[in-house]
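K.L.:
Residue numbers (mature numbering (1 follows the signal peptide of the UniProt record, and there is no 0)): -19 to -1, 1 to 381. The beta carbon of each residue, even a glycine, is placed where N, CA and C say it ideally should be. Below you'll find the structure I mean.
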């Protein structure tokens, strides 16, 4: 909760301000502007302004972050892009793995891959701690106090309480943790507080059958339809598993590697929006493909202009995220940078990194995954630096 600070007195000394009449003393929402509120004192309303990016919450009786979920339009042209010109800090803050050393205690990681931000429960951060065969949870309010193991952590193995090089994670609204258990060729579901997981996809060995997963380093859960999406890079396909199903359905890629519109080559990161549109990184083709619901071909929305470091190119993109304004954020791994492509643009913008591979706070070393919190801060995992860095958004560059 954000305390009432930095409010400014705009109007006063009138019994009516902007048509608002005080019925009682206290604080009341401004029906015309969620970023302000009325303070009523002895029958006189005073218009008060919340700090930047905050809105008045009558339930909490304070200015707070906006919990309203914007209406998602399936038409890109109808979305107002509030982050079109947003900027982020050039230097990251490492809240785990600060000494860039491999470790297995609560303050260290071992070659982390996936990262997930639980925006429904206070921006808690989950990390696939790959070489420690566990998933770590970091409480947003005390990031530097260390991680809590919520899945695995019982050495490498294939028992229900074990993981083998987990690579990607998803946390649903009930705080259940889905884990891409890569070397076990399965996806495990660990209910909140559970000491073991259950298999919800794969688990039948490595193979090409629809009840098998060849190798997976990207998962996503579309919670409205209770559908799990698996990016199976070994089989050059994206497969969806509906709740309770014993095999998946191919929804992107032909199952044969290639660069055609209906093909993928070793896909990695995946994002599925509320319209059931799939965004998937196609690293060997140096592009990000967008597959609309029920489509038989993908559309290139980033890269696709050969391997390189120009702004219209990518170099082995590993992960992708899409915000509510349809901005596409790409972990451009072999360029050691994060690039943002606004909808329908022909080139991207470097927003993080791009300073070569290294250990400095403005550099990445084999970064594989990224995630955004509710406010737009970006978190990046680095496999060879054994750390997670947070890059803060400049709130003054958010336009609405």
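What is the DSSP secondary structure of residue 193, reduced to helix, strand or coil?
P.N.:
As a working mapping, residue 193 is identified with position 212 in the chain shown. Of the three classes helix, strand and coil, the one that applies to residue 193 here is coil, per DSSP.
K.L.:
Using the C-alpha atoms, what's the distance from residue 294 back to residue 113?
P.N.:
Residue 113 sits at position 132 when you count from the first residue of the chain shown. Residue 294 sits at position 313 when you count from the first residue of the chain shown. Looking at the two C-alpha atoms, the distance is approximately 34 Å.
K.L.:
If I follow the unbroken beta strand (DSSP E) through residue 222, where does it start and stop?
P.N.:
Here residue 222 is taken as the residue at index 241 of the chain shown, counted from 1. Its beta strand (DSSP E) spans residues 218 to 223.
K.L.:
Can you confirm whether the segment 304 to 311 touches the segment 272 to 279 when touching is taken to mean that 3 or more C-beta pairs between the two stretches lie within less than 8 Å?
P.N.:
By the C-beta criterion, the segment 272 to 279 is judged not to be in contact with the segment 304 to 311, since fewer than 3 inter-stretch pairs fall below 8 Å.
K.L.:
Start and end of the beta strand (DSSP E) containing residue 105?
P.N.:
Stepping through the chain shown from its first residue, residue 105 is reached at position 124. Taken as a continuous stretch (DSSP letters only), the beta strand (DSSP E) holding residue 105 covers 105 to 110.
K.L.:
With a threshold of 6 Å on Cβ separation, who are the neighbours of residue 119 within its own chain once the five nearest residues in sequence on each side are excluded?
P.N.:
Translated into positions along the chain shown, residue 119 becomes position 138. The beta carbon of residue 119 lies closer than 6 Å to those of 106 and 128 in the same chain, with the five residues before and after it left out.
K.L.:
Give the DSSP-derived three-state secondary structure of residue 121 in the structure shown.
P.N.:
For the purposes of this step, residue 121 is taken as the residue at position 140 of the chain shown. Helix.
K.L.:
To the nearest angstrom, how far is the alpha carbon of residue 305 from that of residue 355?
P.N.:
Counted from its first residue, the chain shown places residue 305 at position 324. Counted from its first residue, the chain shown places residue 355 at position 374. Going by C-alpha positions, residue 305 is about 10 Å away from residue 355.
K.L.:
Answer with buried or exposed for residue 179, where buried requires no fewer than 16 other C-beta atoms within 10 angstroms of its C-beta.
P.N.:
For the purposes of this step, residue 179 is taken as residue 198 along the chain shown, with counting starting at 1. Classification of residue 179: exposed, given that the 10 Å Cβ count is below 16.
K.L.:
Quick one: give me the first and last residue of the beta strand (DSSP E) that residue 29 is part of.
P.N.:
In the chain shown, residue 29 corresponds to position 48, counting from 1. Start and end: 25 to 30.
K.L.:
Kindly indicate the opening and closing residues of the beta strand (DSSP E) around residue 35.
P.N.:
What you label residue 35 is simply residue 54 of the chain shown in a count that begins at 1. Segment 35 to 38, the beta strand (DSSP E) holding residue 35.
K.L.:
Please work out which residues of its chain come closer than 6 Å, Cβ to Cβ, to residue 171, disregarding the five sequence neighbours upstream and downstream, and give them in chain order.
P.N.:
As a first step, residue 171 is located in the chain shown; it is residue number 190 there, counting from the start. Around residue 171: 132, 158 and 178.
K.L.:
Buried or exposed for residue 96, going by 16 or more other Cβ atoms inside 10 Å?
P.N.:
As a first step, residue 96 is located in the chain shown; it is residue number 115 there, counting from the start. Residue environment: residue 96 is assigned as buried (16 or more neighbouring CB atoms within 10 Å of its CB, all protein chains considered).
K.L.:
What would DSSP say about residue 51, mapped onto helix, strand or coil?
P.N.:
As a working mapping, residue 51 is identified with position 70 in the chain shown. Reliability of the predicted coordinates at residue 51 is poor, the pLDDT of 45 falling under 50, and no value is obtained from them.
K.L.:
Can you tell me the Cα-Cα spacing of residue -9 and residue 23, whole angstroms?
P.N.:
By 1-based counting over the chain shown, the position of residue -9 is 11. By 1-based counting over the chain shown, the position of residue 23 is 42. Residue confidence is low: residue -9 scores 37 on pLDDT, short of 50, so the model does not pin down where it sits. Its coordinate-derived value is still stated next. Between the alpha carbons of residue -9 and residue 23 lies a distance of about 15 Å.
K.L.:
Is the beta carbon of residue 78 less than 8 Å from the beta carbon of residue 368?
P.N.:
For this step, residue 78 is matched to residue 97 along the chain shown. For this step, residue 368 is matched to residue 387 along the chain shown. Cβ atoms of residue 78 and residue 368: closer than 8 Å.
K.L.:
From residue 110 to residue 240, what does the alpha carbon distance come to, in whole angstroms?
P.N.:
Start at 1 with the first residue of the chain shown, and residue 110 comes out as number 129. Start at 1 with the first residue of the chain shown, and residue 240 comes out as number 259. Going by C-alpha positions, residue 110 is about 32 Å away from residue 240.
K.L.:
Taking the runs of the beta strand (DSSP E) that are 3 residues or longer, which of them lie wholly in the segment 152 to 193?
P.N.:
158 to 162, 167 to 171 and 179 to 183
K.L.:
Which of helix, strand or coil does DSSP assign to residue 212?
P.N.:
Here the question's residue 212 lines up with position 231 in the chain shown. Of the three classes helix, strand and coil, the one that applies to residue 212 here is strand, per DSSP.
K.L.:
Going straight from the alpha carbon of residue 207 to that of residue 18, what length do you get?
P.N.:
Counting from one through the chain shown, the residue named residue 207 turns up at place 226. Counting from one through the chain shown, the residue named residue 18 turns up at place 37. Between residue 207 and residue 18, the C-alpha separation is close to 39 Å.
K.L.:
For residue 5, is the classification buried or exposed, using 16 other Cβ atoms within 10 angstroms of its Cβ as the cut-off for buried?
P.N.:
Translated into positions along the chain shown, residue 5 becomes position 24. Classification of residue 5: exposed, given that the 10 Å Cβ count is below 16.
K.L.:
Apply the 10 Å Cβ neighbour rule to residue 163 and answer buried if 16 or more other Cβ atoms are within range, or exposed otherwise.
P.N.:
Walking along the chain shown from the start, residue 163 turns up at place 182. Per the 10 Å Cβ criterion, buried.
K.L.:
Are the CB atoms of residue 362 and residue 65 nearer to each other than 8 Å?
P.N.:
Taking the chain shown and counting its residues from 1, one reaches residue 362 at position 381. Taking the chain shown and counting its residues from 1, one reaches residue 65 at position 84. For residue 362 and residue 65, no; Cβs fall outside 8 Å.
K.L.:
Name the DSSP bridge partner or partners of residue 44?
P.N.:
Translated into the one-based positions of the chain shown, residue 44 becomes position 63. Residue 44 is bridged to 37.
K.L.:
Can you check which of these residues, 279, 277, 296 and 278, is closest to residue 286 by C-alpha distance?
P.N.:
Stepping through the chain shown from its first residue, residue 286 is reached at position 305. The shortest Cα separation from residue 286 among 279, 277, 296 and 278 belongs to 296.
K.L.:
Given residue 98, which residues of its chain have a CB within under 7 Å of its CB, disregarding the five upstream and five downstream residues?
P.N.:
Your numbering for residue 98 matches position 117 in the chain shown. Within the same chain, residue 98 has close Cβ partners 104, 106, 352, 353, 354 and 360.
K.L.:
Hey, how far is the Cα of residue 347 from the Cα of residue 186?
P.N.:
One-based indexing of the chain shown puts residue 347 at position 366. One-based indexing of the chain shown puts residue 186 at position 205. Their backbone Cα atoms lie some 28 Å apart in a straight line.
K.L.:
Short of 6 Å in beta carbon distance, which residues of its chain neighbour residue 316, apart from the five on each side in sequence? Order them along the chain.
P.N.:
Here residue 316 refers to the residue found at position 335 when the chain shown is read from its first residue. So the list reads 290 and 296, once near-sequence residues are dropped.
K.L.:
Short of 6 Å in beta carbon distance, which residues of its chain neighbour residue 345, apart from the five on each side in sequence? Order them along the chain.
P.N.:
As a first step, residue 345 must be located in the chain shown, where it is residue number 364. If the five residues before and after residue 345 are omitted, its C-beta is found closer than 6 Å to the C-beta atoms of 317, 334 and 363, all from its own chain and listed in chain order.
K.L.:
Would you mind sorting residue 3 into buried or exposed? The rule is 16 or more other CB atoms within 10 Å of its CB.
P.N.:
Here residue 3 is taken as the residue at index 22 of the chain shown, counted from 1. Under this definition residue 3 is a buried residue.
K.L.:
Roughly how many angstroms lie between the CA atoms of residue 210 and residue 247, to the nearest whole one?
P.N.:
In the chain shown, counting from the first residue as 1, residue 210 sits at position 229. In the chain shown, counting from the first residue as 1, residue 247 sits at position 266. Computed Cα separation, rounded: 15 Å.
K.L.:
Whose C-alpha, out of 336, 63, 284 and 340, is nearest the C-alpha of residue 327?
P.N.:
Taking the chain shown and counting its residues from 1, the one referred to as residue 327 is at position 346. Closest by alpha carbon: 284.
K.L.:
Roughly how many angstroms separate the alpha carbons of residue 134 and residue 282, rounded to a whole number?
P.N.:
Walking along the chain shown from the start, residue 134 turns up at place 153. Walking along the chain shown from the start, residue 282 turns up at place 301. If I take the Cα positions, the gap works out to 38 Å.
K.L.:
Whole angstroms are fine: how far does the CA of residue 94 sit from the CA of residue 117?
P.N.:
The residue labelled residue 117 in the question sits at position 136 within the chain shown. The residue labelled residue 94 in the question sits at position 113 within the chain shown. So the alpha carbons of these two residues sit roughly 12 Å apart.
K.L.:
Would DSSP call residue 101 helix, strand or coil?
P.N.:
Residue mapping note: residue 101 aligns to position 120 of the chain shown, counting from 1. Three-state DSSP puts residue 101 in a helix.
K.L.:
Report the CB separation of residue 232 from residue 220 in whole angstroms; it is logged as a contact under 8 Å.
P.N.:
Walking along the chain shown from the start, residue 232 turns up at place 251. Walking along the chain shown from the start, residue 220 turns up at place 239. Contact holds; Cβ gap of about 7 Å.
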